[in-house]
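S.K.:
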Amino acid sequence: SEIKLNYQAGLEYKQQALDMYKRIYEDRPHPDTARALFDVGWTYSYARLGNYAKSLNYFSDTLEMYKRIYRDPHRDTARSLLEIGRVYERMDRVGEGVDFKLLALNMYKRINPAPNPDTANALLEVAWGYWNKNSDEEHLTEKSLEYFKKATAMYEYIHNKGDHPDTANAYLGLGWGYWNNGNTIEGIRYKQKAVEMYKRIHGDHPHLDTARALLDLGWAYERTGNAKDSLIALKKAAKMYIKLYGVHHPN
């Protein structure tokens, strides 16, 4: 497709930048080279190219270079650990993914022990990792819920319990955490809280976050046998997706 071709062209320019940094700094580790390695790895993973093996190689090279540059814990090193965890999950190597996310989380905590967005995001990533790892094992679903709760509490603290997309996203995750632990009432309650917060943030303007949250809520209602509320939420989601993308779109 045209979009994929654009990403491919972008990747070529990023690769050229990386090659130039390597010629400039040769074998010496340098933040410019590390950032370029990260950028190429990110493009392979996220930009509709889906070459996770190559992405993992570039992120691993990034991590090794940051370790040589920064002897102490550093945000760039932690971010590389987190991205490696994400790629492992996309490769269905979820156990390794969780391990790297935990390493990132622990490093963020060492860098800044106080509540902060980096740590909150890493907590949420670990929660999703446990959720994906094996959602039908009780001890893992409990771990997932534990980390969803920690992430949500930290986001609420950071944003003074005010409306923020990160908090709304955490509510959605917490809803899934409760759902997988068999507490469908709390699961739906937090999905509702997410929808309500997104609506306050974005108002009457159609937004992908609101549409996804409505879709999530509609699915939850349907699974609990509440066909009426499910239909209402799904219709609202469908109308919003049509406004965002038009009729002919996968969503």
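Residue numbers (my numbering): 268 to 518. For glycine and all other residues, C-beta sits at the position ideal for the given N, C-alpha and C. In this text the structure is predicted, and so the values were computed from the model without any measurement.
At which residues does the alpha helix (DSSP H) containing Gly-396 begin and terminate?
M.R.: 384–400
S.K.: Under a Cβ-count criterion, where at least 16 other Cβ atoms within 10 Å of its own Cβ denotes burial, should Ile-351 be classed as buried or exposed?
M.R.: Classification of Ile-351: buried, given that the 10 Å Cβ count is 16 or more.
S.K.: Run the CB neighbour count on Lys-235, radius 10 Å, all protein chains shown included, and call it buried at 16 or more, exposed below.
M.R.: Residue coverage of the chain in this structure runs from 268 to 518, which leaves residue 235 outside it and unanswerable.
S.K.: How about the stretch 460–470 and the stretch 505–513: do they share at least three Cβ pairs that are nearer than 8 Å?
M.R.: Not touching, per the Cβ criterion.
S.K.: Can you tell me the Cβ-Cβ gap for Phe-305 and Thr-329, rounded? I've got them flagged as a contact below 8 Å.
M.R.: Indeed, because the Cβ distance is near 5 Å, the residues count as touching under 8 Å.
S.K.: With a threshold of 6 Å on Cβ separation, who are the neighbours of Arg-357 within its own chain once the five nearest residues in sequence on each side are excluded?
M.R.: Tyr-319
S.K.: Measuring alpha carbon to alpha carbon, tell me which of Leu-348, Tyr-424, Ile-291 ends up nearest Pro-384.
M.R.: Tyr-424
S.K.: If you drop the 5 nearest sequence neighbours on each side, which residues of the same chain put their C-beta closer than 6 Å to that of Thr-419?
M.R.: Ala-437, Leu-441
S.K.: Is the separation between the beta-carbon of Lys-458 and that of Ala-487 shorter than 8 Å?
M.R.: Yes, these two residues count as a Cβ contact at 8 Å.
S.K.: When we look at the beta-carbon of Ile-455 and count the other beta-carbons within 10 Å, is it buried (16 or more) or exposed?
M.R.: By the neighbour-count criterion, in which 16 or more other beta carbons inside 10 Å mark a residue as buried, Ile-455 falls on the buried side.
S.K.: Are the CB atoms of Val-307 and Leu-278 within a distance shorter than 8 Å?
M.R.: Yes.
S.K.: Go through its chain and collect everything with a Cβ distance to Lys-289's Cβ below 7 Å, but skip five positions before and after it.
M.R.: Thr-300
S.K.: Helix, strand or coil, according to DSSP, for Asp-243 in the structure here?
M.R.: Not covered by the structure: residue 243. The range shown for the chain is 268 to 518.
S.K.: Touch check for the stretch 330–341 and the stretch 382–399: three-plus C-beta pairs under 8 Å?
M.R.: no
S.K.: For Lys-510, count neighbouring C-beta atoms within 10 Å of its own C-beta (all shown protein chains included) and say buried if the count is 16 or more, exposed if not.
M.R.: Exposed, because fewer than 16 other Cβ atoms sit within 10 Å of the Cβ of Lys-510.
S.K.: Whose C-beta lies closer than 8 Å to the C-beta of Thr-451 among residues of the same chain, with five residues either side of it excluded?
M.R.: These residues qualify, in order along the chain: Tyr-445, Ala-487, Arg-490, Thr-491.
S.K.: Taking the alpha helix (DSSP H) that Gly-364 belongs to, which residues open and close that run?
M.R.: 361–378
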